[in-house]
Amino acid sequence: MTFPETRMQRLRSTEKMRELVAETHLDVSDLILPVFFNESISKPTSTTSMPGILTHPLADYEKISSEIQRNDLNSVILFGIPSKKDSAGSQAYVEDGVVQKAIKGLKKSSDLLIITDLCLCEYTDHGHCGVLHNGSVDNDETISLYARTAVSQADAGADIIAPSGMMDGQVAAIREALDDAGHKNVAIMAYSAKFQSSFYGPFRDLARSSPEKGDRSAYQMQCGNRREALREMELDISEGADIIMVKPAMSYLDVIYDARNSFGLPIAAYQVSGEYSMIKAAGANGWIDEKRAMMESLLSIKRAGADMIITYFAEAAAKLLR
Ligand code: PBG
929 MTFPETRMQR LRSTEKMREL VAETHLDVSD LILPVFFNES ISKPTSTTSM
979 PGILTHPLAD YEKISSEIQR NDLNSVILFG IPSKKDSAGS QAYVEDGVVQ
1029 KAIKGLKKSS DLLIITDLCL CEYTDHGHCG VLHNGSVDND ETISLYARTA
1079 VSQADAGADI IAPSGMMDGQ VAAIREALDD AGHKNVAIMA YSAKFQSSFY
1129 GPFRDLARSS PEKGDRSAYQ MQCGNRREAL REMELDISEG ADIIMVKPAM
1179 SYLDVIYDAR NSFGLPIAAY QVSGEYSMIK AAGANGWIDE KRAMMESLLS
1229 IKRAGADMII TYFAEAAAKL LR
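Okay, so the sequence shown: first residue is 929 according to our numbering, each after it adds one.
Spelled out as structure tokens, the structure:
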């Protein structure tokens, strides 16, 4: 049957009708908020290219956790900016490192689920995601440092470790180290399909983690490679990932869709700093309706197949969803 018997607009005619036939829903429990701690600051600090996102001093963990929980958010992903950087990124895996202290503080003051980003780029003086040999990142040496970092984050109380460095074998190395250290129930959320992207720009301003020389194209994926993304995800699953991630989100919705159709495990998407800042900037100029664009972007990421979304909009979206 076609028009005039069939009328698609029948099911769009009222708000209640539209709610009844909605295929995709966004829930506060889908959202993960990135939280930044900087060891060297004593007051919250803003970053011009990420409007509304603060970097926090360690002492503020109590204030931060109660604000996050007031918005009904359950989970955060932590990033740390150390006061000292060196060539081996050693502040990433010391017992009293910035992230380790932040985990302990947040655990003491809340029951938030704590995910930790695991990478060395915020901790190395050269800004690469691993240790360098002859100017390029040494994969195999780097994964043993990732394993150490994972154990130190789990010792501090992290619930989920999220390796983001795109080193080969990183998930297996981390799983083995966690199990050997008795952290059998600490999960791994693998940044499996992480593309080399210009949309990370604002994050790197904030975390001061741009590579001093060169870029990340020797370890992060190139934009056009959809089949290779599936291989990356397959490998991470076989190495023991509990959750796989696609990053960035909006320019890679097909990769999220592929992941959803290929694998049964939970899928995360990271709506990264540049995606956030573009919407904020256009909203601030009055060129788009910021709140509606925010909700549309998040819903489209879920529609593509993501179960959970890491997003700088988590608090703003949670306020609208309540
Ligand atoms: C660490 C890391 C980065 C992001 C998340 N973890 C930076 C990068 O790979 O350069 C980017 C997040 C964002 O842009 O919001 N490797």
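Positions of the beta carbon are idealized from the N, C-alpha and C atoms, including for glycine.
Remark: the C-beta of residue 1202 is in contact range of the ligand PBG, defined as less than 7 Å to any heavy atom. Annotation for residue 966: the continuous beta strand (DSSP E) segment containing it runs 959 to 966.
Judged by the Cβ position, residue 1045 qualifies as a neighbour of the ligand PBG at the 7 Å threshold, a heavy atom of the ligand being closer than this. Ranked by Cα distance from residue 1114, the options 957, 968, 1082, 1241 are led by 1082. Comparing alpha carbon positions, the residue from 979, 1111, 1038 closest to residue 998 is 1038.
For residue 1094, the three-state secondary structure derived from DSSP is coil. Proximity of the beta carbon of residue 1049 to the ligand PBG is indicated: a heavy atom of the ligand is located closer than 7 Å. As the crow flies, the alpha-carbon of residue 1072 is around 11 Å from that of residue 1066. In the structure shown, the three-state DSSP call for residue 950 is coil.
Taken atom to atom, the span from the alpha-carbon of residue 1092 to that of residue 1240 is near 17 Å.
Of the other Cβ atoms in all chains shown, 16 or more fall within 10 Å of the Cβ of residue 1003; this residue is therefore buried. Taking 7 Å as the cut-off, the C-beta of residue 965 does not count as close to any heavy atom of the ligand PBG. Annotated three-state conformation of residue 1219 is helix, per DSSP. Residue side-chain check: residue 1127 places its Cβ nearer than 7 Å to a non-hydrogen atom of the ligand PBG. Each of 1217, 975, 1033, 1246 was checked against the Cα of residue 1133, and the nearest Cα belongs to 975.
In the displayed model, residue 996 falls within a helix according to three-state DSSP. DSSP lists 1175 as the bridge partner or partners of residue 1122. Apart from sequence neighbours up to five positions away, the residues of its chain that approach residue 1017 with a beta-carbon distance below 6 Å are 1048, 1051, 1052, ordered along the chain. In the structure shown, residue 1200 adopts coil according to DSSP, grouped into three states. Between residue 1105 and residue 1210, the alpha-carbon positions lie close to 45 Å from each other. Under the DSSP assignment, residue 1010 falls outside any alpha helix (DSSP H); it carries neither an H nor an E label.
In this structure residue 1102 touches residue 1078 by the C-beta definition: roughly 4 Å separates them, less than 8 Å. The three-state secondary structure of residue 1038, taken from DSSP, is coil. When DSSP states are grouped into helix, strand and coil, residue 1031 belongs to the helix group.
Judged by beta-carbon spacing, residue 1000 lies within the 8 Å limit of residue 1246, meaning their Cβ atoms are closer than that value.
When beta bridges are read from the DSSP output, residue 1044 appears opposite 1006, 1089.
Between residue 1139 and residue 1056, the gap from beta carbon to beta carbon is short of 8 Å. It is roughly 22 Å from the alpha-carbon of residue 967 to the alpha-carbon of residue 1129. The C-alpha of residue 1229 lies about 19 Å from the C-alpha of residue 1152. Following the DSSP letters along the chain, one finds residue 1184 inside the alpha helix (DSSP H) bounded by residues 1181 to 1190.
Annotation for residue 985: the continuous beta strand (DSSP E) segment containing it runs 982 to 985. Assigned with DSSP and collapsed to three states, residue 1001 falls in coil, not helix or strand. The three-state reading of DSSP puts residue 1228 in helix, counting H, G and I together. Per DSSP, residue 976 has no beta-bridge partner at all.
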